[in-house]
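>
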Amino acid sequence: MKKVLKARGIRQLLTWYDRDRRPLPWRQQVNIYHTWICEVMSQQTTLAVVLPKFAQFVQQLPTVDDLANCDEETLHRLWAGLGYYARARNLKKGAEFIVNRLNGRFPQSYREWLQIPGCGDYTAAAIASICLNEKVPCIDGNVIRVVSRLLALQDVWNTAGRSRIQDYLTQVIPSDRPGDFNQAMMELGATICRKTKPRCDICPLQMQCLAYAHNCIEICPPKKPRRVLVDTELFVLIFWHRQTDTLAIGERTDGFLAKTIGFPLTLAHQLSKLDRWQPLQLPGKFTHAIAHHRITGRICVIQLNSNDIDISMGQHLALSKTLHWMNRLDLSAKLSTALDRKAFQLFQNYTYSDSICEQLALNL
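In structure tokens form, the structure reads like this:
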């Protein structure tokens, strides 16, 4: 493979990174715990969302022991808004492994980090290179785009293409600053070598870039094949005890948003099983995305005279056995997902309407 990125190009890249990198909080000093948290948070989430969540997370769970010992409710609350909640659960499992199996000692190599539950190639490489100065390349979407343009590659999204990029980076990553090199490549892809409107005029690697030389920046790489989106109609069930203005939430056991705390969820074909409660469907709706599902969310309000809910029905709705009644004013702090907060806001909008309250009264 032609070694396009020569020593001079690497120096230019690192000089640019030293001068122009964004002052992100986890870059202020080397901290394995902070690097681990930020790398997991940043996967498939925008930086604007990650920054405030990272600050809140490390403030309330400042050590790996704190993360290992935190309760599920706290974890869900701190992760709310970041999506992909399995990442939070895997972080906790990883922390428990480090505390219980490694006596609180962080792994000291890329291979050791791969043994941590939920820690894949990317996260292990990021931690090992940035914090342990190990010469191992870190590959994310930004890096794939940068290398694709450096080498004028188009076939990058399959296994062979990924392997070629891995081999190339293994050749050029410097021994003295592997972590800075990895961060510089990711930073370059995020701020200069962007998907659209790349800033080739100020790119430190312009002279080494074959795509720039051959005027094929826009097709290197081609758009990544997208998974087909599945349209799903999801109903959020809000059990409401109007006299005390309390609502029921619980831990969902499977299906959408499993292991998160919020309102019961159901699909359209299951609604008939709720007829004995005479649910009132609110006229509004909201949209949400979970993985490859494009969700249209609707609200069904079920007003009860007491705080008793049939446990068997709770299990039918994929809930844990215990449902908790929460005062409306305290509820928002307990909801652990963006979907629940959207549903709650829609409920808020309509329950202050006299006409909706009259319809709910007629259902009793």
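With full-length UniProt numbering as the guide, the letters of the sequence shown map in order to residues 1 to 364. Every residue, glycine too, gets a C-beta built ideally from N, C-alpha and C. The structure presented is a predicted model; accordingly, all values stated were derived computationally and were not measured.
1) Please report the residue range of the beta strand (DSSP E) in which W79 lies.
2) Suppose the cutoff is 7 Å on Cβ atoms and the five residues either side in sequence are ignored; what does the same chain contact list for H34 look like?
3) Given a cut-off of 8 Å, decide if I37 and I127 are closer than it, judged by their beta-carbon atoms.
4) Mind checking Q56: buried by the 16 CB within 10 Å criterion, or exposed?
5) Leaving out five residues on either side along the sequence, give the residues of the same chain with a beta carbon under 7 Å from the beta carbon of P174.
6) Kindly identify the DSSP beta-bridge partner or partners of E233.
7) Near P279, what residues of its chain come up, given a Cβ to Cβ distance below 6 Å and the 5 sequence neighbours on each side ignored?
8) May I have the straight-line CA-CA distance separating F286 from V50, to the nearest angstrom?
9) Just reading off the beta strand (DSSP E) that I10 is part of, what are its end residues?
10) By Cβ distance, which residues of its chain are closer than 7 Å to P198, with the 5 residues on each side in sequence left out?
11) Report the three-state DSSP secondary structure of T266 (helix, strand or coil).
12) Helix, strand or coil for I116? Go by DSSP, reduced to three states.
13) By Cβ distance below 7 Å, which residues in the same chain neighbour F263 in space, the five residues on each side in sequence not counted?
14) Less than 6 Å between C-beta atoms, sequence neighbours within five positions excluded: which residues of the same chain meet that for R328?
15) Taking only three categories from DSSP, how would you classify I173?
16) Once the 5 residues before and after D140 are set aside, which same chain residues still bring their CB inside 7 Å of it?
17) Classify E233: buried if its beta carbon has 16 or more other beta carbons within 10 angstroms, exposed otherwise.
18) Which residue comes first and which comes last in the alpha helix (DSSP H) that contains F106?
19) Should C220 and S148 be called a contact, given that it needs their Cβ atoms to be closer than 8 Å?
20) For the alpha helix (DSSP H) that contains L51, what are its first and last residues?
21) Going by the beta-carbon positions, is the gap between V99 and A124 smaller than 8 Å?
22) Tell me whether the beta-carbon of L13 lies closer than 8 Å to the beta-carbon of L188.
23) Would you tell me roughly how many angstroms separate the C-alpha atoms of F54 and V30, rounded to the nearest one?
24) So for R87, helix, strand or coil by DSSP?
25) Taking the alpha-carbon positions, what's the A160 to Q270 distance?
26) Which class does I139 belong to by DSSP, given the choice of helix, strand or coil?
27) If you check the beta carbons only, do H241 and W157 fall under 8 Å apart?
28) Please name the residue or residues paired with V301 in a DSSP beta bridge.
29) Could you spell out where the beta strand (DSSP E) holding L329 opens and where it closes?
30) Give every residue of the same chain whose Cβ lies closer than 8 Å to the Cβ of S109, excluding the five residues on either side of it in the sequence, and list them in chain order.
31) Could you check the C-alpha separation between R226 and G120 for me, to the nearest Å?
32) Quick check on K285: does DSSP put it in helix, strand or coil?
33) Roughly how many angstroms separate the alpha carbons of P178 and L47, rounded to a whole number?
34) Assuming A248 is part of the beta strand (DSSP E), what are its boundary residues?
In short, the structure shows the following:
1) The continuous stretches of beta strand (DSSP E) do not include W79, which lies in the alpha helix (DSSP H) extending over residues E72 to W79.
2) The answer, listed in chain order, is W26 and V58.
3) no
4) exposed
5) I10 and F181
6) T296
7) If we look at P279 and ignore the five residues flanking it on each side, its Cβ neighbours are C300 and I302.
8) 24 Å
9) Here I10 belongs to no beta strand (DSSP E); instead the alpha helix (DSSP H) covers A7 to D20.
10) I192 and I217
11) strand
12) coil
13) V236, L237, I238, I249, D340 and A343
14) D245
15) coil
16) Y122 and M186
17) exposed
18) Segment: none, F106 is in no alpha helix (DSSP H) and carries neither H nor E.
19) Taking 8 Å as the cut-off, the Cβ atoms of C220 and S148 count as close.
20) L47 to Q60
21) no
22) For L13 and L188, yes; Cβs fall inside 8 Å.
23) In a straight line, the C-alpha of F54 is about 16 Å away from that of V30.
24) R87: helix per DSSP, three-state reduction.
25) 45 Å
26) coil
27) no
28) I238 and L280
29) No beta strand (DSSP E) contains L329, which is instead part of the alpha helix (DSSP H) from R328 to L331.
30) Counting only Cβ-Cβ distances below 8 Å, and skipping sequence neighbours, we find A128, L132 and E134.
31) Computed Cα separation, rounded: 22 Å.
32) Here K285 sits in strand by DSSP.
33) One C-alpha to the other measures close to 23 Å.
34) T246 to R252
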